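Those protein sequences? They're chains A and B, same order as listed. For the first sequence, this note's numbering assigns the number 8 to the initial residue and increments by one for each residue that follows. For the second sequence, this note's numbering assigns the number 13 to the initial residue and increments by one for each residue that follows.
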Amino acid sequence: QKEVEQNSGPLSVPEGAIASLNCTYSDRGSQSFFWYRQYSGKSPELIMFIYSNGDKEDGRFTAQLNKASQYVSLLIRDSQPSDSATYLCAVISPGGSYIPTFGRGTSLIVHP
Amino acid sequence: GAVVSQHPSWVICKSGTSVKIECRSLDFQATTMFWYRQFPKQSLMLMATSNEGSKATYEQGVEKDKFLINHASLTLSTLTVTSAHPEDSSFYICSARGGDNSPLHFGNGTRLTVT
């Protein structure tokens, strides 16, 4: 059973702060890692994807991957109230037939 | 960016009728499409995986005769909810990707209400 774990939260941060969201996965052979944002009542939207160890930055978002420790994180700099949403981590591995395994999501609240 | 179009965005139907939901990848060829359902405040639940030209693979507990999936081309997949009942009321979301390790791109979802 491939597992992806996320703290359900809610994670509450003040506007302008850095929000740090974490995700761990069980399958050491995992190859692809994704972060999605889902607003209430809407479908998920892709924010970041990362394949290699290290950091990947896109605007206010940074994805960090550490395969040795089997975790992937998402940093959101200068958090805005509009960032308030549920953030889903997804992992793909050959052992899972390349079917994405999603975490249950972390609820982020950015308060003014 | 990759765009997935899903229609209709909402539908209300009477118990016993069938509803078809379309999912199209507009600017890429989707080798694989996934269908999810999501109840309020719950996680995404994968219903089935479909590859173009092949029969869909359904997750355990999902009735394949009730949820008919057709993936006739690299840009179109359809989900038909047959003989819908109120308990089928949910948010149905399709997603598509171009390769095994590629990101999933989601449609906007279809909110189904069965009366």
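Ideal Cβ positions, reconstructed from N, Cα and C, are used throughout, including at glycine. Bear in mind that the values here come from a model prediction, so they are computed numbers and not experimental data.
When you compare each of the options to residue i by their alpha carbons, which one comes out closest?
| i | options | result |
| --- | --- | --- |
| H83 of chain B | B:R36, B:E71, B:F51 and B:G111 | B:R36 |
| N14 of chain A | A:C30, A:I25 and A:V20 | A:C30 |
| K67 of chain B | B:I81, B:I33 and B:T29 | B:I81 |
| S80 of chain A | A:I106, A:P101, A:T113 and A:G66 | A:T113 |
| I54 of chain A | A:S100, A:A92 and A:I106 | A:A92 |
| Y78 of chain A | A:E52, A:S27 and A:Q45 | A:S27 |
| G61 of chain A | A:E52, A:S76 and A:G48 | A:S76 |
| S33 of chain A | A:S47, A:Y105, A:R111 and A:S100 | A:S100 |
| F68 of chain A | A:R44, A:K49 and A:G48 | A:R44 |
| Q87 of chain A | A:Q38, A:A24, A:G66 and A:E64 | A:A24 |
| P51 of chain A | A:S59, A:A70, A:Y58 and A:W42 | A:W42 |
| T90 of chain B | B:K32, B:P20 and B:M59 | B:K32 |
| K63 of chain A | A:Y46, A:G48, A:G103 and A:F40 | A:F40 |
| L124 of chain B | B:Y70, B:T92 and B:L88 | B:T92 |
| D112 of chain B | A:Y58, A:Q71 and A:D85 | A:Y58 |
Measure the C-alpha to C-alpha separation of residue i and residue j and round it to an integer number of angstroms.
| i | j | result |
| --- | --- | --- |
| P98 of chain B | S27 of chain B | 7 Å |
| P115 of chain B | T127 of chain B | 36 Å |
| T29 of chain B | K78 of chain B | 11 Å |
| P119 of chain A | I83 of chain A | 15 Å |
| R49 of chain B | N73 of chain A | 31 Å |
| R35 of chain A | V11 of chain A | 12 Å |
| P17 of chain A | S89 of chain A | 15 Å |
| S55 of chain B | E75 of chain B | 19 Å |
| G66 of chain A | C25 of chain B | 43 Å |
| G48 of chain A | Y104 of chain B | 11 Å |
| P21 of chain A | V117 of chain A | 5 Å |
| H117 of chain B | A14 of chain B | 7 Å |
| E34 of chain B | E71 of chain B | 20 Å |
Apart from the five residues on each side of it in sequence, which residues of its chain come closer than 6 Å, Cβ to Cβ, to residue i?
| i | result |
| --- | --- |
| F109 of chain A | L95 and A97 |
Can you list, in chain order, the residues of its chain with a C-beta nearer than 8 Å to that of residue i? Leave out the 5 residues immediately preceding and following it.
| i | result |
| --- | --- |
| L86 of chain B | S37, Q41, A42, T43 and E64 |
Take residue i and list the residues in its own chain whose beta-carbon comes closer than 7 Å to its own, dropping the five residues that flank it on each side.
| i | result |
| --- | --- |
| G110 of chain B | F40, Q41, A42 and T43 |
| F51 of chain B | S102 |
So residue i and residue j are supposed to be a Cβ contact under 8 Å. How far apart are they, rounded?
| i | j | result |
| --- | --- | --- |
| S107 of chain B | V16 of chain B | 7 Å |
| T61 of chain B | I106 of chain A | 6 Å |
Report the residue ranges of all alpha helix (DSSP H) runs contained in full by the stretch 25-77 of chain A; include only those spanning at least 4 residues, in chain order. none
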